[in-house]
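In this note's numbering, the protein residues as written are 29 to 279.
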């Protein structure tokens, strides 16, 4: 159970509660006694209750699969979360965090007490996440108010919520740095920071926008992409170049 983030359980409970409310509205309200706005709500819930129920079942299955088939579980969690946007964002965020902990479980977590020992530490820039998140949530709410189809507004709200979450979680968070003969790196926006021996990291690609690395360590074999636009430090180029010179390059 400790392999799952608390937010994934809270998200699942929230989704179940929302499904129960939708089911109650669709089946228990006296339709003939309702005004037109409430009838529209009942009609909408009658359409959504079955997809919502299926989505909740798939989410439960995805939690079971996370321990054995994490990639398949993540795919199911993502698809089922799309059905229930934006309510399902908490579940999706929690699942993504749990997925990263599961697939990276063999790696060595970075000890924050060693942060003052890091060389060329580069951190995430969260101000852009915050601004874009607020803008998308506001635009999404406006679209929901003025457009009959709610899907575009719900999608923008969901992306905005995700960006706001990243702005909070990644504030003062290490993106990449060096500690002796190890690379301290946060592999994705949902992962913890890990220590990986430099010999186990290969530089695949670098351009003005990204750095792409191949990590093959402790049974882990995956690629990760770091966007240079996410780096907090303004004059990061020298520090990043020094880090990358320590890595083997793909032929």
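We put the CB at the ideal spot given by N, CA and C, even for glycine.
Item, Value
"Whose C-alpha, out of 247, 33, 274 and 229, is nearest the C-alpha of residue 121?", "33"
"If we count Cβ pairs, one from each stretch, closer than 8 Å, do we get three or more for the stretch 56–67 versus the stretch 85–104?", "no"
"For residue 274, name the three-state secondary structure that DSSP assigns.", "coil"
"Going by beta carbon distance, what residues of the same chain come within less than 8 Å of residue 162, once the five residues before and after it are set aside?", "188 and 192"
"Within the chosen definition, does the stretch 145–152 reach the stretch 163–183 through at least 3 CB pairs nearer than 8 Å?", "no"
"Classify residue 31: buried if its beta carbon has 16 or more other beta carbons within 10 angstroms, exposed otherwise.", "exposed"
"DSSP state of residue 116, grouped into three classes?", "coil"
"Beta-carbon separation of residue 255 and residue 238 under 9 Å?", "yes"
"Per DSSP, what kind of secondary structure is residue 364 in: helix, strand or coil?", "Nothing in the structure corresponds to residue 364, since the chain is present only between 29 and 279."
"Would you mind reading off the limits of the beta strand (DSSP E) that contains residue 109?", "Segment 98–111 is the alpha helix (DSSP H) holding residue 109; no beta strand (DSSP E) there."
"Does the structure place the stretch 130–137 close enough to the stretch 211–230 that three or more beta carbon pairs sit under 8 Å?", "yes"
"Within the same chain, show all residues whose beta-carbon is closer than 7 Å to that of residue 79, passing over the 5 residues directly before and after it, in chain order.", "111"
"Going by other Cβ atoms of all chains shown within 10 Å of its Cβ, with 16 needed for buried, is residue 179 buried or exposed?", "exposed"
"Between the C-alpha atoms of residue 118 and residue 154, what's the straight-line distance to the nearest angstrom?", "19 Å"
"Measure the Cβ-Cβ separation of residue 210 and residue 226 and say whether it is below 9 Å.", "yes"
"In three-state DSSP terms, what is residue 222?", "strand"
"So within the stretch 162–211, which uninterrupted beta strand (DSSP E) runs reach at least 3 residues, ignoring any that extend past its ends?", "202–207"
"Is it the case that the Cβ atoms of residue 252 and residue 243 are separated by a distance below 9 Å?", "yes"
"Going by C-alpha distance, which of 37, 76 and 38 is nearest residue 55?", "76"
"Which residues does DSSP list as the beta-bridge partners of residue 234?", "239"
"DSSP three-state call for residue 260: helix, strand or coil?", "coil"
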